[in-house]
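Encoded as structure tokens, the structure appears first; notes follow it.
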């Protein structure tokens with residue numbers, strides 16, 4: 048069995064991944080930014096030629112970069128956020144090679160995603176945020192896709208995953224706004240200055256969706272997150288009906304976790 052832990056930002060995905068990992072120590076855990084066989088968040092997807100240009104620009108960090116680089120077919124995946132003690136410009140340079148946020152055309156985007164799901168043959172893995180968040184956000188915010196178009200892609204993803212033993216654990220926020228208020232406080236500095244939420248707002252405000260619909264600000268962002276959660280739950284119920292469990296964010300019990308783990312037996 049393989050577990051995909053999903054939910055909105057701040058829903059407690061990392062905490063649940065930790066709990067599952069503690070109870071399933073033989074399972075391999077993949078978090079955002081790690082090299083993952085199913086997801087490319089916070090990773091640069093480059094050709095060998097592009098990688099060599101990056102190494103030429105940052106020759107003194109060559110070994111550090113290569114340590115976090117994995118070859119996959121004719122591409123190289125650089126887990127650039129895992130490269131430490133490099134200039135700030137490095138992260139900005141490598142970010143442009145991510146596949147999300149409309150950085151590649153839609154056909155290429157779909158080919159990469161579906162190809163990697165089809166090629167994945169792993170077992171006993173726990174994935175944090177590797178199925179919904181980045182793909183759904185890309186399509187809503189940077190391709191202005193309608194719900195039915197997103198549903199169509201996930202039907203193809205389901206087909207690509209056919210034969211794999213997977214179970215999706217979704218952390219549903221009963222009150223999305225209260226959930227975000229909590230995480231805003233948690234992700235502030237020692238002086239109470241918010242660090243994470245302003246970046247989330249800026250990300251939303253500069254999206255194609257915000258531009259096309261003429262919206263911005265906290266209220267519009269919350270409307271988007273509510274819509275995203277509803278859509279993701281619809282995907283679960285319509286496309287993965289027998290392969291998911293929905294838990295209430297931060298209100299599930301130890302028995303709930305044991306029940307989820309029971310899916311692996």
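Residue numbers (the working numbering): 48 to 312. For each residue, glycine too, the CB sits at the ideal point set by N, CA and C. On a predicted model such as this, the values are computed, not experimentally measured, just so you know.
Where residue 291 and residue 57 are concerned, what is the direct C-alpha to C-alpha distance, given to the nearest angstrom?
So the alpha carbons of these two residues sit roughly 20 angstroms apart.
Please determine, among 196, 123, 268, 97, the residue with the shortest C-alpha to C-alpha distance to residue 183.
196
How many whole angstroms separate the CB atoms of residue 207 and residue 161, which I take to be in contact at a CB cut-off of 8 angstroms?
Between residue 161 and residue 207 the Cβ distance is about 5 angstroms, and since that is below 8 angstroms, they are a contact.
Cβ-Cβ distance between residue 178 and residue 266 below 8 angstroms
no
Which same chain residues end up closer than 7 angstroms to residue 122 when comparing Cβ atoms and leaving out the 5 residues on each side of it in sequence?
92, 93, 94
Beta carbon of residue 88 nearer than 8 angstroms to that of residue 147
yes
Rounded C-alpha distance that separates residue 67 from residue 110:
Approximately 34 angstroms between the Cα atoms of the pair.
Since residue 150 contacts residue 139 with CB under 8 angstroms, what's their CB separation in whole angstroms?
With a Cβ gap of about 13 angstroms, residue 150 and residue 139 do not count as contacting.
Taking buried to mean at least 16 other C-beta atoms within 10 Å of its own C-beta, is residue 307 buried or exposed?
buried
Hey, residue 296 and residue 218 are a contact pair by Cβ (cut 8 angstroms); roughly how many whole angstroms apart?
4 angstroms
Within this structure, are the beta carbons of residue 187 and residue 287 separated by less than 8 angstroms?
no
Residue closest to residue 199, alpha-carbon to alpha-carbon, out of 70, 279, 107
When each option's Cα is compared against that of residue 199, the closest is 279.
Relative to the C-alpha of residue 78, which candidate in 116, 175, 130, 125 has its C-alpha closest?
Cα-wise, what sits closest to residue 78 is 175.
Beta-carbon proximity check, residue 201 vs residue 293, cutoff 8 angstroms
The Cβ atoms of residue 201 and residue 293 do not sit closer than 8 angstroms to each other.
What did DSSP end up calling residue 217 once you bin it into helix, strand or coil?
strand
In whole angstroms, give me the CA-to-CA distance for residue 101 and residue 285.
43 angstroms
Candidates 227, 132, 167, 229, of which the one nearest residue 86 by Cα:
Of 227, 132, 167, 229, the residue nearest in Cα terms is 167.
6 angstroms Cβ shell around residue 128 - same chain, five flanking residues per side excluded:
Beyond the five residues adjoining it in sequence on each side, residue 128 comes within less than 6 angstroms, by CB distance, of 80, 89 in the same chain, given in chain order.
Selected residue, minimal CA-CA separation from residue 137, among 153, 112, 156:
112
To which residues of the same chain is residue 264 closer than 8 angstroms at the C-beta, ignoring the five residues directly before and after it?
248, 252
Within 10 angstroms of its Cβ, does residue 99 collect 16 or more other Cβ (buried), or is it exposed?
For residue 99, the number of other beta carbons within 10 angstroms of its own is below 16, and it is reported as exposed.
Residue 131 versus 106, 119, 115, residue with shortest Cα-Cα distance
115
Every unbroken beta strand (DSSP E) inside the segment 58 to 119 [3 residues or more]
75 to 77, 91 to 94, 116 to 119
For residue 191, the first and last residue of its enclosing beta strand (DSSP E):
Where residue 191 is concerned, there is no enclosing beta strand (DSSP E), given that its DSSP letter is neither H nor E.
Between 117, 105, 61, which lies nearest to residue 84 when the distance is taken from Cα to Cα?
117
Quick one, which of 124, 298, 305 has its alpha-carbon nearest residue 59's?
Closest option to residue 59, Cα to Cα, is 298.
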